[in-house]
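Protein chains in written order, with the working numbering: chain A, 1 to 210; chain B, 1001 to 1471. In this text, a Cβ means the ideal position worked out from N, Cα and C, and glycines have one as well. Input: a single structure, listed below in structure tokens.
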């Protein structure tokens, strides 16, 4: 008997002939109750609890100059981008590194990286990438040390269930998801929190009220 | 029983003041945070109900959901392997690593790989496993065992870790500051992430409907291992399957809030099969293997009184509220699963002969059940397992004999009075500070896990009689 048959036989023997319990009614919230403005405010409030640099912008035109300023502040000169990033987001004088299957060492540590996102979750201060437009491949937002992520106000949902419902189509298409809530962190040494371990050590959220 | 029992190991750790300080700090900090962020959700109790119900329903038809998961992972380009026991899991994973000519592999924190003792098997095959979670790396470098589900190196202080890193990373310049040590780990692992072609991970959840696998983490080492290497091998216990995508919305709320006390853990990765073909490398593995492990889980499933043990999502919240864990520490449990959940899970996985002292490592105070995000009735299962230990003869005769003797005495008041007066006379050499730590054989089995209050000079019954008489 193969291990597959052995495991399934053991499970079936363990369960016997007892009927499956009828599904319980779920009483938790599957939808938020906030309006868009309240959800955005909650998102910003949650981000304040993480070690995230937040910029609130009034329109798309403000993205490029903000990126330029943040790069100057972080002292980075190269800006890595996914190949399909909107041109208007890119600062005029930036040295651009468009990711076309670049070898990993080219992305490693030095550049800043600028992307969009799939959506954001107000209740948890989370941003989600789903390999969709303006997000690039997963390595692009992982290896550089500074991630600038553009979130449009209309992309903010209130609750985790709403986010997962919206992400189902990407998953059905086989696309990978990455959730991030602040930069990487550890408390493994004497339970002292240290921010910035293996992922980008600096995370900027550019929330565009458009 | 093994040569060493829980009380013997606990006696050793109770003398370690550094350990007790670290544990007190970690557990009290996490307790405060988990309490705050779970109370913050208006529907926290409803989420717990849903988590419990989903786990119960899933286990009731586990065979069907496993077959569905196999189909969906295969459809998405992955390969599913089944392992009835630890030996088979080791054979599969070592075989895959060898087939790819790997001289080293990178690993993400996975208690399941500890459970099947994968690292020694890899080393025996000439493959060096690198743990990439900071705490696991510390434990691995020190050749020790994890002492907490969530913060496995909580028993070590910064100067011990500093000395370890200076030596093993050849970095004599390093200070003992956690920030410096963390940066050193980042630099040490960076090239390994980029160059190592095979990664091994556990899994927090796997969704049968879509074939998606989920890993939650904090440091980003998980993202590295799940994104960059060409080959990814993930191992999961069969109880980790979730039937539907929709179920994740419950557990991605319960787990971080119950575990680290965060509203959401810093990073969550969800991938579905491979990213091969026309898709770019750097978006996930080109080859993905999922190993489904039984290793005793189907036996737990068969014991209905203990089945809820398999609800566990490894959040470690029960450790942080447990008065026994906080004092005895993780090593006293001699397992990768410690604390209250370890006290029920380990003996069921390893067998009551090997770990029969663990169900007694509890005062049955119930704090664990009170906070468990999926409402596992840990005290009930502890009592059930104690019963099995005694009935099935794993514990020596002490407990059974003591209970039988007590039953006879409680049924016969005259005998009881006689026994008490004899006890008062006989206890002098045993009692210290009003307590008896060890009863004489054959009753010592009962006193193994608990102190016995010394009998007072006068019994209540004698006092009651005297009081009436003097009125």
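*List, in order along the chain, the chain A residues whose C-beta lies closer than 8 Å to that of residue 1144 of chain B?*
Counting from 1 along the second chain, the entry for residue 1144 of chain B is found at position 144. Result: empty, since nearest Cβ-Cβ is about 14 Å, beyond 8 Å.
_So if DSSP puts residue 212 of chain A in a beta bridge, which residue, or which two residues, is it bridged to?_
No answer is possible for residue 212 of chain A: it lies beyond the span of chain A, which begins at 1 and ends at 210.
*Taking one C-beta from the stretch 1314–1324 of chain B and one from the stretch 27–39 of chain A each time, how about it: are there three or more such pairs within less than 8 Å?*
no
*Nearest CA to the CA of residue 1027 of chain B: which residue from B:1317, B:1220, B:1471?*
Against the second chain, residue 1027 of chain B aligns to sequence position 27. Among B:1317, B:1220, B:1471, the Cα nearest to that of residue 1027 of chain B is on B:1317.
*Bridge-paired residues (DSSP) for residue 1272 of chain B*: Here residue 1272 of chain B is taken as the residue at index 272 of the second chain, counted from 1. By DSSP's assignment, residue 1272 of chain B forms a beta bridge with B:1212.
_Near-chain A residues of the stretch 1257–1288 of chain B (beta-carbon distance less than 9 Å), N- to C-terminal order_ = Against chain A - using a Cβ distance shorter than 9 Å - the residues of the stretch 1257–1288 of chain B are 1260, 1262, 1263, 1264, 1265, 1266, 1267, 1268, 1269, 1270, 1271, 1272, 1273, 1274, 1275, 1279, 1280, 1281, 1282, 1283, 1284.
*To the nearest angstrom, report how far apart residue 207 of chain A and residue 93 of chain A are at their CA atoms.*
In the first chain, residue 207 of chain A corresponds to position 207, counting from 1. In the first chain, residue 93 of chain A corresponds to position 93, counting from 1. Each residue's Cα considered, the two are about 23 Å apart.
*Within the stretch 1143–1180 of chain B, note down every full alpha helix (DSSP H) run reaching 4 residues or more, in order along the chain.*
1158–1168
*Does the stretch 179–198 of chain A come close enough to the stretch 1280–1293 of chain B to have 3 or more Cβ pairs within less than 8 Å?*
no
*What in chain B is Cβ-close to residue 112 of chain A, meaning under 7 Å?*
For the purposes of this step, residue 112 of chain A is identified with residue 112 of the first chain, where counting begins at 1. Per Cβ cutoff of 7 Å: no residues; residue 112 of chain A is ~17 Å from chain B at best.
_When you compare the CB of residue 43 of chain A with every CB in chain B, is at least one pair closer than 7 Å?_
Mapped onto the first chain, residue 43 of chain A falls at position 43. Chain B contact via Cβ: absent.
*Which chain A residues sit within Cβ distance under 9 Å of residue 1043 of chain B?*
What you label residue 1043 of chain B is simply residue 43 of the second chain in a count that begins at 1. Residues of chain A passing the Cβ test: 27, 28, 29.
*Pull up the distance between the alpha-carbon of residue 1200 of chain B and that of residue 59 of chain A, whole angstroms please.*
On the second chain, residue 1200 of chain B is found 200 positions in, with the first residue counted as 1. On the first chain, residue 59 of chain A is found 59 positions in, with the first residue counted as 1. Straight-line measurement puts the Cα of residue 59 of chain A at about 44 Å from the Cα of residue 1200 of chain B.
*If you count every other CB in all the chains shown that lies within 10 Å of the CB of residue 1403 of chain B, and 16 or more means buried, which is it?*
For the purposes of this step, residue 1403 of chain B is identified with residue 403 of the second chain, where counting begins at 1. Classification for residue 1403 of chain B: exposed.
_Please report the distance separating the alpha-carbon of residue 1113 of chain B from that of residue 1202 of chain B._
Counting from 1 along the second chain, the entry for residue 1113 of chain B is found at position 113. Counting from 1 along the second chain, the entry for residue 1202 of chain B is found at position 202. About 7 Å.
*Please state whether DSSP places residue 1028 of chain B in a helix, a strand or coil.*
Residue 1028 of chain B sits at position 28 when you count from the first residue of the second chain. Residue 1028 of chain B falls in the helix class under three-state DSSP.
*Helix, strand or coil at residue 167 of chain A according to DSSP, with G and I counted as helix*: As a working note, residue 167 of chain A is residue 167 in the first chain. The three-state secondary structure of residue 167 of chain A, taken from DSSP, is helix.
*With burial defined as no fewer than 16 other Cβ atoms inside 10 Å of the residue's Cβ, what is the status of residue 1453 of chain B: buried or exposed?*
Residue 1453 of chain B sits at position 453 when you count from the first residue of the second chain. The residue is exposed, with fewer than 16 neighbouring Cβ atoms inside 10 Å.
_Contiguous alpha helix (DSSP H) assignments of at least 4 residues, all confined to the stretch 1046–1087 of chain B_ = 1062–1075
*Backbone secondary structure at residue 1246 of chain B - three-state DSSP*: Translated into positions along the second chain, residue 1246 of chain B becomes position 246. Note: residue 1246 of chain B maps to helix in three-state DSSP.
*Under 7 Å Cβ-Cβ, which residues of chain B neighbour residue 186 of chain A?*
If you number the first chain from 1, residue 186 of chain A lands on position 186. Ordered by position in chain B, the residues that pass the 7 Å Cβ test against residue 186 of chain A are 1134, 1182, 1218, 1219.
*Mind listing the chain A neighbours of residue 1388 of chain B? Cutoff is C-beta to C-beta under 8 Å, in chain order.*
For this step, residue 1388 of chain B is matched to residue 388 along the second chain. Result: empty, since nearest Cβ-Cβ is about 16 Å, beyond 8 Å.
*Tell me, please, whether the CB atom of residue 1249 of chain B is closer than 7 Å to any CB atom in chain A?*
The residue labelled residue 1249 of chain B in the question sits at position 249 within the second chain. At least one chain A Cβ lies under 7 Å of residue 1249 of chain B.
*Within 10 angstroms of the Cβ of residue 1089 of chain B, are there 16 or more other Cβ atoms? Answer buried if so, exposed if not.*
Taking the second chain and counting its residues from 1, the one referred to as residue 1089 of chain B is at position 89. It counts as buried.
*Would you say the stretch 1215–1235 of chain B touches the stretch 196–207 of chain A, given that touching needs at least three Cβ pairs under 8 Å?*
yes
_Check whether chain A comes within 7 Å of residue 1324 of chain B, counting only Cβ atoms and requiring the distance to be less than that._
Translated into positions along the second chain, residue 1324 of chain B becomes position 324. So, not an interface residue.
*asked:* What does the Cβ neighbour count give for residue 135 of chain A, buried or exposed, with the cut at 16 atoms within 10 Å?
replied: To locate residue 135 of chain A, count along the first chain from 1; it is residue 135. Residue environment for residue 135 of chain A: buried (at least 16 other C-beta atoms within 10 angstroms of its C-beta).
*Please decide whether residue 1178 of chain B counts as near chain A, where near means a Cβ-Cβ distance under 7 Å.*
Here residue 1178 of chain B corresponds to residue number 178 of the second chain, with the count starting at 1. Yes, because at least one Cβ of chain A sits closer than 7 Å to the Cβ of residue 1178 of chain B.
*If we count the other Cβ atoms within 10 Å of its Cβ and call it buried at 16 or more, is residue 1197 of chain B buried or exposed?*
Against the second chain, residue 1197 of chain B aligns to sequence position 197. Under this definition residue 1197 of chain B is a buried residue.
*Residue from B:1109, B:1264, B:1187, B:1059 with nearest C-alpha to residue 1040 of chain B*: On the second chain, residue 1040 of chain B is found 40 positions in, with the first residue counted as 1. The option with the nearest alpha carbon to residue 1040 of chain B is B:1264.
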